[in-house]
Amino acid sequence: MSILKTLTDTTFDSVEGYRMAAEKANDPKLKSILSEQARKREALVTRLNGELQRNGEELVTKGTTAGALHRTWMEIADMFENGDEAAAERVEEGEDYLCKKFEAALESPDLPESQRALVREAYSEVKEGERLTNMLEAQYD
Numbered sequence: 004m005s006i007l008k009t010l011t012d013t014t015f016d017s018v019e020g021y022r023m024a025a026e027k028a029n030d031p032k033l034k035s036i037l038s039e040q041a042r043k044r045e046a047l048v049t050r051l052n053g054e055l056q057r058n059g060e061e062l063v064t065k066g067t068t069a070g071a072l073h074r075t076w077m078e079i080a081d082m083f084e085n086g087d088e089a090a091a092e093r094v095e096e097g098e099d100y101l102c103k104k105f106e107a108a109l110e111s112p113d114l115p116e117s118q119r120a121l122v123r124e125a126y127s128e129v130k131e132g133e134r135l136t137n138m139l140e141a142q143y144d
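Here you go:
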């Protein structure tokens with residue numbers, strides 16, 4: 004599996020994570036922020052899928068098994084926590100994971116030069132999401 008495909012899979016998982024967190028949140032403002040982040044991530048997945056298509060790779064249309072397991076864990080953990088706090092915590096955890104994936108990809112000599120600019124641009128967006136979720140976690144903790 005290519006590095007770009009792995010990143011696209013993981014980014015798709017983040018869309019699902021944001022959607023789930025938005026559903027769990029009680030505060031309308033938090034719901035709105037999380038829903039907007041899901042939309043931004045969907046747009047990022049579309050751009051990443053475009054590059055996959057240009058390279059003749061299969062498009063990402065569903066999440067990974069690891070992502071599904073994480074969302075199941077979120078549901079179980081959320082039963083014992085405040086909805087807003089849990090939603091903010093879970094997306095922050097997911098953003099940390101996603102950032103690490105992009106950082107590793109950018110450090111890899113196996114990432115084709117033709118994809119580096121797109122991955123750098125995507126990483127910038129992911130870092131922005133991580134900063135936002137760090138603020139949300141602090142606000143709702």
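Numbering (this note's numbering), first residue to last: 4 to 144.
We treat Cβ as the ideally placed atom computed from N, Cα and C, and that holds for glycine.
Could you name the residues of the same chain whose beta carbon sits closer than 8 Å to that of residue i, not counting the 5 residues immediately before and after it, in chain order?
i          : result
residue 8  : 55, 60, 61, 63
residue 30 : 87, 143
Is the separation between the beta-carbon of residue i and that of residue j shorter than 8 Å?
i           : j           : result
residue 41  : residue 21  : yes
residue 48  : residue 14  : yes
residue 94  : residue 37  : yes
residue 109 : residue 122 : yes
With a CB to CB cut of under 6 Å and the five nearest residues on each side skipped, what residues in its chain are close to residue i?
i           : result
residue 143 : 87, 88, 91
residue 35  : none
residue 98  : 132, 133, 136
residue 129 : 101, 102, 105
Could you tell me how far apart the beta carbons of residue i and residue j are, in whole angstroms, since I believe they sit closer than 8 Å?
i          : j           : result
residue 66 : residue 113 : Their Cβ separation, rounded to whole angstroms, is 24 Å, which puts residue 66 and residue 113 out of contact at 8 Å.
Subject >> Meets three-Cβ-pair contact criterion under 8 Å: the region 100-107 and the region 7-21 >> reply: Contact between the region 100-107 and the region 7-21 is present, with at least three C-beta pairs closer than 8 Å.
**OP:** Could you tell me which uninterrupted alpha helix (DSSP H) segments, each at least 4 residues in length, are contained entirely in the region 4-41, listed from first to last along the chain?
**Re:** Complete alpha helix (DSSP H) runs here, min 4: 6-27.
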